[in-house]
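Quick note on numbering: the sequence shown equals residues -9 to 281 in the numbering used here.
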Amino acid sequence: MQTIAIANHKGGTGKTATTHNLGVVLAREYAQRVLLVNADPQASLTGTCGVQDEMSPNEAAGRTRFLKQIFSLAEVLGGAKPGHVPLRDVLVDLGANLWICPGDTALVAAAQGLSARLQRETVLKKILATVEQNFDVCLIDCPPDQGLLTINALCAAHAVIVPAQPTAQDLRGLLLFIETVKSIQTEINPSLLFLGILLTFYDARLRHHHDQVQCIAEAGLTILPVAIGRSVRVAEAAGACQSVFTYARHHPEAQHYVALAQFVCERLNLAYPIQARVEENQTIAPEEMRP
Ligand SMILES: Nc1ncnc2c1ncn2[C@@H]1O[C@H](COP(=O)(O)OP(=O)(O)O)[C@@H](O)[C@H]1O
Ligand SMILES: [Mg+2]
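Laid out in structure tokens, this is it:
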């Protein structure tokens, strides 16, 4: 299992959208068994995947899955003491090769408790090791901070993608975050591969964006060969609990996520059958993983 952290300490840079859309495309178009991990207490990824812990009757008619999700990543991580629930017990099967470890606001307390633990930076890494035979790819959606959840994700990951908007304000914060990634590489996880910065909300016609991309390149930072543009379809899809790929398959942004998935497969040597396509309700995850 190759684990990729999707991280940036700034909010609103497209981390959750990247995790979800990249995960769906890897699962459907590249036949990877994908585990999404919601490590952000805001739980946007869990909601976007249609997993809710409670639901009012009015919501029942929508696309929200009615799942009585009692536990999340918080109970698996634990706090000052190790968690009491195994990871495989909280996983939700989203169909078509995709699974999620949900998150919720209990992750705030879990992260505070973790600070009292021995080897607190590598708790998530040990937890993910318990399912590494069951998945090909794990994508971790990080919170918008540099706290222990993000640090755990970076310590558990083989690679990191940093989604960033090409604006002057974002660039300052971006450089600080890259310093954190370098510290993790030096101190704890030397094999962590910085895949690169994923430009999001990118508009090649804007001079401002063009200038910022130049600045990022001059700072010596790798920029991924695929950029994601701003499109209302991406936001609409998230609102409809779908990926842009399933919502508007032929939209340019959906195809950009396909290109990103192909880049990731090639860079991380993920084997995929040519013309693999996994349809709804089809899954190749092992039987014993099904709830
Ligand atoms: N390419 C895009 N075009 C338009 N809206 C987007 C795009 N990517 C994300 N969004 C929307 O922007 C908001 C922030 O994105 P999100 O992925 O949640 O960022 P983060 O996880 O970094 O905070 C969300 O409402 C999301 O639906
Ligand atoms: Mg998010």
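Each residue gets a CB set at the ideal place from its N, CA and C atoms; glycine is no exception. Just so it is clear, the structure is predicted and the values come from calculations on it, not from any experiment.
Cβ-heavy atom distance, residue i to ligand 1, below 7 Å
i, result
"VAL27", "no"
"THR120", "no"
"GLY4", "yes"
"PRO153", "yes"
"VAL216", "no"
"PHE184", "no"
"ARG220", "yes"
"THR190", "yes"
Cβ-heavy atom distance, residue i to ligand 2, below 7 Å
i, result
"GLN102", "no"
"GLN32", "yes"
"ASP94", "no"
"ASP131", "yes"
Residue from the options with nearest C-alpha to residue i
i, options, result
"VAL113", "ALA227, ALA(-3), CYS128 and ALA64", "ALA64"
"GLN(-8)", "ALA261, ALA217 and LEU196", "ALA261"
"LEU188", "ALA154, GLY93 and ARG223", "ALA154"
"ASN259", "ASN11, ALA227, TYR20 and THR9", "TYR20"
"THR170", "TYR192, LEU138 and GLN159", "LEU138"
"ILE(-6)", "ALA17, VAL127 and ILE206", "VAL127"
"THR176", "CYS145, TYR192 and ASP135", "CYS145"
"ARG197", "HIS10, ILE178, THR157 and THR120", "THR157"
"LEU129", "LYS115, ILE174 and GLN159", "LYS115"
Strand pairing of residue i, partner residues [DSSP]
i, result
"ASP83", "TRP89"
"ALA149", "ILE(-6) and LEU183"
"ALA261", "BP columns for ALA261 are empty, so no partner."
Residue i and residue j closer than 8 Å at C-beta
i, j, result
"LEU77", "VAL66", "yes"
"ALA(-3)", "THR140", "yes"
"TYR247", "LEU12", "yes"
"ASP131", "VAL27", "yes"
"LEU250", "VAL203", "no"
"CYS231", "CYS39", "yes"
"ASN87", "VAL268", "yes"
"GLU243", "ARG223", "yes"
"ASP201", "ARG220", "no"
Exercise for review: Report yes or no: do three or more beta-carbon pairs, one from the stretch -1 to 18 and one from the stretch 93 to 104, lie closer than 8 Å?
Suggested key: no
Point to revise | Cβ contact check for the stretch 90 to 100 and the stretch 30 to 40: 3 or more pairs under 8 Å | key: yes
**Study point:** Contact the stretch 176 to 193 vs the stretch 211 to 220: 3+ CB pairs below 8 Å
**Key:** yes
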